[in-house]
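Each residue of the sequence shown is one higher than the last, beginning at 27 in our numbering.
For every residue, glycine included, the Cβ atom is placed at its ideal position computed from N, Cα and C.
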Amino acid sequence: MDSQDKPEDGDKLNKIKLRKKKRSTAKGQFHRVFNRFKEQTKTENGEVLQEILKDMEHAYEKLEGEHSAYLNILDSDDETEGDIINTANSDMDKNYSQLCDARADLVMINRKNKEDKSKVNTTKEHPNTVKVKRLEAPTFSGNVREYPSFRNDYSKLMTPDPFALKQCLSGEALKTVQGVDDNFTAMFKRLDMKYGREERIAESVLYELKSLKKVSDGDNKGFIQTIDIIELCWLDLCKMKMERKWTLQL
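Written as structure tokens, this is what we have:
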């Protein structure tokens, strides 16, 4: 029986080696085109990259065909050959990811080139146009006194988008929205609960006022600093319409 199996096993082994070699050759061709594409991305020449991407698509189709032919002669029920199939499929997933990356790179480069061309045309049409500095997004890291201004600025300047809001947060504030950072309403609800309550802001203001030290006679610098602190505290209370909290006697 062994003598009858050996020729069949040897024939199958030769077919596997042949198909594996053809698949490896196709994979090598695909990677060469992919590497050529990545090298050309430095030039940001959309037309050239488009042609290379076509070659890459063709090389991937050929690789996919050789991959399928290779798997067709393997037995998924066999433990050893089953592992080979899984490894080959995993490798194919990586190749497809590289193709997708190349497609995405071309889209981004074409978009950038289009925007750059639009800017050039706008400059030619309106050479005396005054450039307005882009407004910076508001930021918040967890200082309760800064929250009213942050909330007001965000509502005026930004869109109700959870990703945009998350980009504005850092430190404790960012930790506060963990778990709901894909829900804009839930994110601000948590922030309001932790930083937007009037009593917390009032407590922070009054604590700073109570911490002020008596200014010595003749200490003009210390006097000015104290006045600045008192003014900031007053303004923070006014932002929240909490002037009634101003009951501390200095």
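Alpha carbon of residue i to alpha carbon of residue j, nearest angstrom
{"i": "Asn121", "j": "Ala52", "result": "11 Å"}
{"i": "Arg62", "j": "Asn136", "result": "18 Å"}
{"i": "Ile99", "j": "Leu75", "result": "36 Å"}
{"i": "Asp245", "j": "Met184", "result": "44 Å"}
{"i": "Ser94", "j": "Glu65", "result": "29 Å"}
{"i": "Gly248", "j": "Ile256", "result": "12 Å"}
{"i": "Phe214", "j": "Asp187", "result": "11 Å"}
{"i": "Asn112", "j": "Asp103", "result": "12 Å"}
{"i": "Ile253", "j": "Arg226", "result": "23 Å"}
{"i": "Glu105", "j": "Ser181", "result": "60 Å"}
{"i": "His57", "j": "Gln124", "result": "9 Å"}
{"i": "Asp119", "j": "Glu73", "result": "27 Å"}
{"i": "Ser116", "j": "Leu200", "result": "36 Å"}
Own chain, CB closer than 6 Å to residue i, minus 5 neighbours either side, in chain order
{"i": "Leu258", "result": "none"}
Under 8 Å between C-beta atoms of residue i and residue j
{"i": "Gly222", "j": "Tyr173", "result": "yes"}
{"i": "Ser167", "j": "Ser196", "result": "yes"}
{"i": "Ser230", "j": "Val170", "result": "yes"}
Classification of residue i by the beta-carbon crowding that lies within 10 angstroms, buried from 16 upward
{"i": "Ala163", "result": "exposed"}
{"i": "Lys138", "result": "exposed"}
{"i": "Leu217", "result": "buried"}
{"i": "Glu92", "result": "buried"}
Cut-off 7 Å between Cβ atoms - residues of its own chain near residue i, not counting five sequence neighbours on either side
{"i": "Val59", "result": "Ile78, Asp81, Met82 and Ala85"}
{"i": "Lys220", "result": "Thr202"}
{"i": "Tyr96", "result": "Arg45, Lys46, Arg49 and Ala114"}
Beta-carbon contacts of residue i that lie in its chain and below 8 Å, excluding the five residues immediately before and after
{"i": "Asp101", "result": "Glu107 and Gly108"}
Open item on the list: Would the region 182-196 count as touching the region 127-138 if we require 3 or more Cβ pairs under 8 Å?
Closed with: no
Open item on the list: Closer than 8 Å is the cut-off here; do at least three beta carbon pairs connect the region 76-86 with the region 42-50?
Closed with: Under the Cβ criterion (8 Å, minimum of three pairs), the region 76-86 does not count as touching the region 42-50.
Task: Segment contact flag, the region 63-75 with the region 87-105, C-beta cutoff 8 Å, min 3 pairs - done: no
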